[in-house]
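Chemist: The structure that follows is given in the form of structure tokens.
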Amino acid sequence: MSPIPRRSLLKAAAVTGAAARFSWALGARDAQAAPGAEPAGADPVTLDWLEDGGLGAAPGSTVGVPWPKGAYRKDQTFALTDAGGKAVPVQSWPIAYWPDGSLKWTAHAVASGDGKLTLAAGTPAAPEKKVTVEKRGGTIGISTGVITARIGTSGSTLVKSVTRGSTEIAKNGRLVLIRQPEIEDEDQGAVRTERFDGVISKAEVEQAGPVRAVVRIDGKHRKGGRSWLPFSIRLYFYAGADSFRMVHTITYDGTQEPGKASGDFIRGLGVRFTVPMRDEGYDRHIRIGGDGTGLLREAVKGITGLRRDPGAAVQSAQFEGRKLPDPATWDQRVTTRLQYIPEWGDYTLSQLSADGFTLRKRTKKGHGWVGAGGGRRASGFGYVGGSSGGFSFGLRDFWEKFPAQLDIRDAHTDEAEVTLWLWSPEAQPMDLRFYHDGMGQDTYPEQLEGLNITYEDYEPEFGTPYGIARTSELLFWANESTPGPGRLAEQVEAVRVLPQLAAPPRQLIRAKAFGPGLYSEPDRSTPAKAKIEDHLDFLFTYYKDQVEQRRWYGFWDYGDIMHTYDTVRHQWRYDVGGYAWDNSELSPDLWLWFAYLRSGRADIFRFAEAMTRHTGEVDVYHLGKWAGLGTRHGVQHFADSAKQQRIANTTYRRYYYFLTADERVGDLMHANVDSDETFLVLDPIRKIRTEPYTPDRHALSIGFGTDWSGLVSAWLTEWERKGPKWEKAKARVLSTMETIAAQPNGFVQGTGLYDLDTGRFAIADKPAVSVSHLSAVFGLNELCAELIDLVDMPKFNEAYFDYCRFFNATKAEQKTRYGSDFGSLLLFQGHSRLDAYAAVKTGDEKLAERAWEKFYNSDGYKESAPWRTEKVTGPAALVPGSEATWVSTNDTALYGLAAIENLALLGDRMP
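Position one of the sequence shown corresponds to residue 1 (our numbering), numbered consecutively onward.
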């Protein structure tokens, strides 16, 4: 596909619509929410685990379930049963409402269950061992009935202690940051570092049981008088669990300037616990995860492999992690020489790339390290303890988000120390400096010339990482003794793939969740349908394989994909301006989530989950003057100077949030409620305006496509969730819908002047035609489908159906309707889903025919495409693998969404 000319988009957005004269008159009728219905109940829902194995060793799982409009009142309670009809304790709460006040989405937390579970209206069973929360002094105490954790509310200790019964298993849980103030680009110079400790500014209980408790802790890393690198931690506890989960977020607020060696370079970022050690050295055990469920299984003082044999039973017991018999019962040639057997107190596993880890150990500080093995991809799991109790720990996506590291220190003393390094101190410092010197692009005309050659929209000082964030997930277990190999394998599996309950696709479809009617379950009942399903499977598999082949991994990169392929170099254009990292361009996030919603496939869910974690954190600013804006596709995720609402779009986060009730993603969505304020800070089309423009809070130029779709998604979500600003958000949804509909040309008007105080667009006195091929491809169709279902506003419906009807129309048809055609457009295949949607809503058969015509015979992917990969090997490529030179991410996202939506809407009217 030829590159999308962003400059033509900018010009289109700046034309007559923004320059026309306006009045402040609104439409003739106030908007109303669609009429509601009396609660009627709903059929029970069968929930199942995404992967086999059920909950396993994980502390618990939380799932979101949608309900049809009017099915349940807001105070409805729910009960859960297993396949045998036995009650399963569940904690439920609402996470979204229909406009009539009935439940739209509910969240359900479980702490047990292996097979399918049935959710229905009823009285929930109480857990035998409830989660309880007690606030006392400066501590929050949480008991699962098996373990008790004391959480700090101030100071640098987040988790003061974790006990099981009367035994303290771990204590002094804290955050560690190593800053390197200067980076050496050559091979000379002394490396100096300094340590900062996480300091709590706020701690609050968000949930208090009986099945799940959640504590949120916020603060910054501090040393002396300086505090920086804000963190937000959530700790999750489930009834009856011997473990807890941590969701760890940092937001970068340091300084790194291109061309300068000094700055705030992160050398290490970690979570650290102290583990009391009570057992004899030969009863202290180390477990470190290797490839798969592989483990290093050793004792601090090993008694296997010695010159003298203590006995097979003793050796076997140590390897299994059981308490050894009294040494007096061993072969005395061993017992009398125990003091001469080294004790290995320190272990380190370093994963500095996605392709290799090394493991080493030493007796203690000041003595040499000994290699203890290595492998390809470590699980990120470790354990230290003994027969009287021990601490398991794990970091999810360990090798995928390299460089990572696990440290165990001083296991031979009374107190061991474990550190899970989210950024390994053995790696190069975290270098976030912009990647080039500007190359003389000091003026807007020069920057537009740069855009025309590398597709990068450069502007000095815009390629900054200040305000981007990253979230990591960790698991911890307080074991009563060293777990056996089976239990350890379960813990490893929980770290690698956190168990997730899910509602089936038919329930999502029945409840009309996420764009009613826009997706249906896969259907291969006809050759034409089967062929499209094959193409959808091909595209997903190809991208999944490309992540592995091209090594799209790393702390800041994992979860994203590349934009465009370089057919000459047999490589994605990772180093060419706007063709590199995709940053949600044209909504691959939506393609993946719709692919999951209709199929329920675990592999698609995990791919989309990683993308949501990435794009919502790394590609968006959370602090500073651009908070609430995202960055356009580029060589670095923050490099491009186009900071826009379309990338921060809440639409891309809604799916994961409502399917899992994830609080962190909920934070991100709520933070966008006031992102209309960002248009005061930065004019998205500043480089190509032909007339003077100064942002005015009562007359902000905002587009009805990429801009409004991002804004309204945040408002709609806040309204649905009944968040702190839901009334304002609801008003913004309704007022902007009404004032877009009231424009002389509706959506075709293109832009309007928006009043931040009233939340309304001024109504233009004169009609204008300002249509971009990008306006509807950042979630507009999916959002409008939801809005039209939720809100009774016929004029808005007509305005949107008109836009759908005429985008893919002929120029003559456009000119007849609007007095002017839409100019040169692209992405007709992707817009065929707008034809399909409008055809169904209006009953227009010709529009239905055109939907399939544009899908099959316009731009994008055609049936005549190869629909296969070709092998690529050295010396043509760096590594052997496959390529599909005809594939681009823009086309993939648009084809995927068009195929899914057209099949659902018009699958019975295929040519």
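Cβ atoms here follow ideal geometry from the backbone N, Cα and C, with glycine treated the same way.
Residue range of the alpha helix (DSSP H) that Ser735 falls in?
Modeler: Mapped onto the sequence shown, residue 735 falls at position 735. Ser735 -> alpha helix (DSSP H) spans Trp726 to Ala741.
Chemist: Do you know offhand how far Gly56's Cα is from Gly394's?
Modeler: Here residue 56 corresponds to residue number 56 of the sequence shown, with the count starting at 1. Here residue 394 corresponds to residue number 394 of the sequence shown, with the count starting at 1. Taking the straight line joining both Cα atoms gives about 15 Å.
Chemist: Considering only the alpha carbon of each residue, which of Arg192, Arg179 and Ile900 lies closest to Trp593?
Modeler: Residue mapping note: residue 593 aligns to position 593 of the sequence shown, counting from 1. The candidate whose alpha carbon is nearest that of Trp593 is Ile900.
Chemist: Who are the near neighbours of Ser227 in its chain, counting only those whose CB is closer than 6 Å to its CB and skipping five residues on each side?
Modeler: As a position in the sequence shown, residue 227 is number 227, starting the count at 1. Sequence-distant Cβ neighbours of Ser227 in its own chain, meaning closer than 6 Å and more than five residues away, are Lys220.
Chemist: Can you name, in chain order, every residue of its own chain whose Cβ lies under 6 Å from the Cβ of Phe822, other than the five neighbours on each side?
Modeler: For the purposes of this step, residue 822 is taken as residue 822 along the sequence shown, with counting starting at 1. So the qualifying residues of the chain are Val771 and Gln814.
Chemist: Between the C-alpha atoms of Leu338 and Ser387, what's the straight-line distance to the nearest angstrom?
Modeler: The residue you call residue 338 lines up with position 338 of the sequence shown. The residue you call residue 387 lines up with position 387 of the sequence shown. Leu338 and Ser387: Cα-Cα distance of roughly 19 Å.
Chemist: My output table needs one value for Leu955: the three-state DSSP class, helix, strand or coil.
Modeler: Outside the shown range of the chain (1 to 911) lies residue 955, about which nothing can therefore be said.
Chemist: Check whether the stretch 62 to 71 touches the stretch 88 to 108, taking contact to mean three or more Cβ pairs, one atom from each stretch, closer than 8 Å.
Modeler: yes
Chemist: Hey, Leu711 and Met793: beta-carbon distance below 9 Å or not?
Modeler: Taking the first residue of the sequence shown as position 1, residue 711 is located at position 711. Taking the first residue of the sequence shown as position 1, residue 793 is located at position 793. Contact: no.
Chemist: Could you check how far apart the C-beta atoms of Thr148 and Ile200 are, in whole angstroms? I think they sit under 8 Å.
Modeler: Taking the sequence shown and counting its residues from 1, the one referred to as residue 148 is at position 148. Taking the sequence shown and counting its residues from 1, the one referred to as residue 200 is at position 200. In fact, because the Cβ distance is near 20 Å, the residues do not count as touching under 8 Å.
Chemist: Measure from the alpha carbon of Arg287 to the alpha carbon of each residue in Val384, Gly624, Asp844 and Pro429, then state which is nearest.
Modeler: Taking the sequence shown and counting its residues from 1, one reaches residue 287 at position 287. Answer by Cα proximity: Val384.
Chemist: Which of the three DSSP states is assigned to Glu194 in this structure?
Modeler: Position 194 of the sequence shown, counted from the first residue, corresponds to residue 194. Strand at Glu194.
Chemist: Return the bridge partner residues of Arg360 from the DSSP annotation.
Modeler: Along the sequence shown, one-based indexing puts residue 360 at 360. BP columns for Arg360 point to Thr348 and Gly371.
Chemist: If I follow the unbroken beta strand (DSSP E) through Met246, where does it start and stop?
Modeler: Here residue 246 refers to the residue found at position 246 of the sequence shown. That run of the beta strand (DSSP E) goes Ser243 to Thr251.
Chemist: For Asn479, write down the residues that DSSP places opposite it in a beta bridge.
Modeler: The residue labelled residue 479 in the question sits at position 479 within the sequence shown. Gly390, per the DSSP bridge assignment.
Chemist: Please return the same chain residues whose Cβ sits closer than 6 Å to the Cβ of Leu269, not counting the five positions on each side in sequence.
Modeler: As a position in the sequence shown, residue 269 is number 269, starting the count at 1. Within the same chain, and ignoring the five residues on either side of Leu269 in sequence, the residues whose Cβ sits closer than 6 Å to its Cβ are Leu177, Leu422 and Trp423.
Chemist: Measuring CB to CB, does Val673 end up less than 9 Å from Ala729?
Modeler: The sequence position of residue 673 within the sequence shown is 673, counting from 1. The sequence position of residue 729 within the sequence shown is 729, counting from 1. Yes; because the gap between Cβ atoms is below 9 Å, this pair is in contact.
Chemist: Give the straight-line distance between the Cα atoms of Leu175 and Gln549, rounded to the nearest whole angstrom.
Modeler: Taking the first residue of the sequence shown as 1, we reach residue 175 at position 175. Taking the first residue of the sequence shown as 1, we reach residue 549 at position 549. Those two C-alpha atoms are separated by around 34 Å.
Chemist: Any idea what DSSP makes of Gln645, helix, strand or coil?
Modeler: By 1-based counting over the sequence shown, the position of residue 645 is 645. Per DSSP, reduced to three states, the secondary structure at Gln645 is coil, with no helix or strand assignment.
Chemist: Does Gly581 pass the burial test, meaning 16 or more other C-beta atoms within 10 Å, or should it be called exposed?
Modeler: Mapped onto the sequence shown, residue 581 falls at position 581. In the sequence as presented, Gly is not what sits at residue 581; that position holds Trp. It counts as buried.
Chemist: Classify Tyr914 as buried or exposed, calling it buried when 16 or more other Cβ atoms lie within 10 Å of its own Cβ.
Modeler: In this structure the chain extends from 1 to 911, so residue 914 is not present and cannot be described.
Chemist: Take Ala411 and list the residues in its own chain whose beta-carbon comes closer than 7 Å to its own, dropping the five residues that flank it on each side.
Modeler: By 1-based counting over the sequence shown, the position of residue 411 is 411. So the list reads Met277, Arg284, Ile286, Val300, Gly345 and Val384, once near-sequence residues are dropped.
Chemist: Mapping DSSP to helix, strand and coil, what is His285?
Modeler: Translated into positions along the sequence shown, residue 285 becomes position 285. Strand.
Chemist: Measure the C-alpha to C-alpha separation of Glu449 and Asp575 and round it to an integer number of angstroms.
Modeler: Residue mapping note: residue 449 aligns to position 449 of the sequence shown, counting from 1. Residue mapping note: residue 575 aligns to position 575 of the sequence shown, counting from 1. The straight-line gap from Cα to Cα measures roughly 18 Å.
Chemist: Looking at the unbroken beta strand (DSSP E) that takes in Gln405, where does it start and where does it end?
Modeler: In the sequence shown, residue 405 corresponds to position 405, counting from 1. From DSSP, the beta strand (DSSP E) with Gln405 extends over Ala404 to Arg409.
Chemist: Quick one: what does DSSP say Gly746 is sitting in, helix, strand or coil?
Modeler: Within the sequence shown, residue 746 is the residue found at index 746, counting from 1. Correct three-state label for Gly746: helix.
Chemist: Contact between the stretch 496 to 506 and the stretch 869 to 878 is defined here as three or more beta-carbon pairs at a separation below 8 Å; is this criterion met?
Modeler: no
Chemist: Here's the rule I'm using: 16 or more other beta-carbon atoms within 10 Å means buried, otherwise exposed. How should Leu905 be labelled?
Modeler: To locate residue 905, count along the sequence shown from 1; it is residue 905. By the 10 Å Cβ count, Leu905 comes out buried.
Chemist: With distance defined between alpha-carbon atoms, name the residue in Thr144, Asp326, Asp331 and Tyr252 nearest to Arg245.
Modeler: By 1-based counting over the sequence shown, the position of residue 245 is 245. The candidate whose alpha carbon is nearest that of Arg245 is Thr144.
Chemist: DSSP on Ala96, reduced to helix/strand/coil?
Modeler: As a position in the sequence shown, residue 96 is number 96, starting the count at 1. Strand at Ala96.
Chemist: With which residues is Gln91 paired in a DSSP beta bridge?
Modeler: Within the sequence shown, numbered from 1, the residue matching residue 91 stands at position 91. Its beta-bridge partners are Ala109.
Chemist: Report the residue from Asp667, Ile702 and Phe679 whose alpha carbon sits nearest the alpha carbon of Arg216.
Modeler: The residue you call residue 216 lines up with position 216 of the sequence shown. That would be Asp667, whose Cα lies nearest to the Cα of Arg216.
Chemist: Taking the DSSP output, what are the residues bridged to Leu235?
Modeler: Mapped onto the sequence shown, residue 235 falls at position 235. Residue pairing by DSSP places Leu235 opposite Val215 and Met246 in a beta bridge.
Chemist: Take every Cβ of the stretch 712 to 721, pair it with every Cβ of the stretch 637 to 657, and state whether three or more of those distances are shorter than 8 Å.
Modeler: yes
Chemist: Which residue from Trp591, Asp457 and Gly292 puts its Cα closest to that of Val492?
Modeler: The residue labelled residue 492 in the question sits at position 492 within the sequence shown. The shortest Cα separation from Val492 among Trp591, Asp457 and Gly292 belongs to Gly292.
Chemist: For Arg833 and Leu897, which I take to be in contact (beta-carbon distance under 8 Å), what is that distance rounded to the nearest angstrom?
Modeler: The count along the sequence shown starts at 1 and reaches residue 833 at position 833. The count along the sequence shown starts at 1 and reaches residue 897 at position 897. The Cβ separation is near 6 Å, so the contact holds.
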